[in-house]
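Protein chains in written order, with the numbering used here: chain H, 2 to 143; chain R, 2 to 143.
We put the beta carbon where it would ideally sit given N, CA and C, even for glycine.
Number of protein chains: 2
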Amino acid sequence: MSTGRTVAPRSAAPRQNDRVPTSDAVLDPAVSARLTRDERGLVAAVVQQHDSGEVLMLGWMDDEALRRTLTEGRVTFWSRSRQEYWRKGDTSGHVQYVRSVALDCDGDALLVRVDQVGAACHTGDRTCFDAGDLGAVAGGPA
Amino acid sequence: MSTGRTVAPRSAAPRQNDRVPTSDAVLDPAVSARLTRDERGLVAAVVQQHDSGEVLMLGWMDDEALRRTLTEGRVTFWSRSRQEYWRKGDTSGHVQYVRSVALDCDGDALLVRVDQVGAACHTGDRTCFDAGDLGAVAGGPA
């Protein structure tokens with residue numbers, strides 16, 4: 002049954018949104034081959050402020066979001082809730098400038114070191130973890 | 002059809018492995034209610050060295066792994082590959098002592114600040130990201 006809309010698989014023809022120009026470029030195959038994607042085709046992206054070491058947030062990237070992040074100097078995520086690319090700061094002004102990107106040993110997580118403009122969290126907090134302390138019991142050598 | 006084996010849902014009766022004593026304790030319902038779990042019942046756990054700020058690794062926790070981590074002073078993950086609880090350091094000696102645990106704004110990621118003994122990565126590297134630089138183009142204000 003046709004709905005009048007077609008949605009191409011993301012890996013073959015990434016969906017574009019209005020924020021970013023369409024491009025025929027694809028992620029470097031040597032990088033793509035190292036990714037261990039989840040069922041949605043995504044890897045986790047830990048975003049860290051490059052100088053202070055603050056962990057700012059966790060986002061998600063597919064191949065195309067990673068390609069943009071590696072080449073544009075700005076961080077782009079795949080929004081699981083909105084099902085679209087999301088270049089951080091385009092709406093809020095809270096831009097993340099890329100300093101480095103590293104893949105972990107098993108290929109399912111990225112560490113993205115950035116220079117964060119303003120608040121990383123949509124709540125206005127500097128990081129998405131600022132308001133969430135769970136009161137853990139601390140440990141140490143016995 | 003019975004296979005002679007029954008597997009209880011993890012949320013009701015967490016599977017135990019040999020490393021950790023069985024307990025009837027459950028995660029604080031006030032914490033549990035704040036979690037946004039993926040299809041596997043898991044949230045991502047970013048592990049950070051508390052003083053240097055190094056991001057050491059990314060693991061996964063279900064409710065029971067989080068309960069243990071919040072109460073035992075040691076970090077326990079749910080291993081997606083082995084399908085069992087995994088208290089970091091029990092085999093390797095590379096223990097993670099808990100300093101704090103925070104949940105992010107949308108409930109699907111934890112920031113676990115630890116004191117890491119030795120290497121966090123199974124490769125022997127200090128962090129799981131040490132060997133994975135992807136050569137990103139750095140960005141900055143135009």
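Cβ-Cβ distances below 7 Å link H/V96 to R75, K89, G90, V118 in the same chain, with the five nearest sequence neighbours on each side left out; the list follows chain order. Here the alpha carbons of R/R114 and H/S53 stand approximately 15 Å from one another. For H/T72, the residues of chain R that pass the 7 Å Cβ criterion are V138, in the order they occur in the chain.
CA-to-CA, the gap between R/G136 and H/S101 works out to about 7 Å. The Cβ atoms of R/D107 and H/G133 do not sit closer than 7 Å to each other. For R/T37, the CB contacts under 8 Å within the same chain, skipping 5 residues up- and downstream, are V44, D107, G108, D109 in chain order.
Listed in chain order, the beta strand (DSSP E) runs fully inside the segment 91-136 of chain H are 97-104, 110-117, counting runs of at least 3 residues. Distance check between H/G94 and each of H/E85, H/R83, H/A121 places H/A121 closest, using alpha-carbon atoms only. Rounded to whole angstroms, the separation of the alpha carbons of H/A31 and H/L57 is 28 Å. DSSP places H/S80 in no alpha helix (DSSP H) but in the uninterrupted beta strand (DSSP E) bounded by 77-80. For H/T92, no chain R residue has a Cβ inside 8 Å of its Cβ, as the nearest lies near 16 Å away. Look at H/V47 here: in three-state DSSP terms it is strand. Just so you know, the alpha carbons of H/T128 and R/V48 end up roughly 15 Å apart.
In the three-state DSSP reduction, R/E85 falls in the strand class (E or B). Cβ-Cβ separation between H/D131 and R/G141: approximately 25 Å, too far for a contact (criterion under 8 Å). Listed along the chain, the chain R residues whose CB falls inside 7 Å of the CB of H/V47 are V47, V56, L59. For H/V27, the three-state secondary structure derived from DSSP is coil. Our two residues, R/T92 and H/Q84, have alpha carbons roughly 40 Å apart in a direct line.
Spatial neighbours of R/S33 in its own chain (CB-CB distance under 6 Å, excluding positions within 5 residues in sequence) are listed in chain order as D64.
Pairing H/L111 with R/A143, the inter-Cα distance amounts to about 25 Å. Around the beta carbon of H/E55, 16 or more other beta carbons lie within 10 angstroms, which makes this residue buried. With fewer than 16 other CB atoms across the displayed protein chains lying within 10 angstroms of its CB, R/V27 is exposed. In this chain, the beta strand (DSSP E) harbouring H/L59 covers 56-62.
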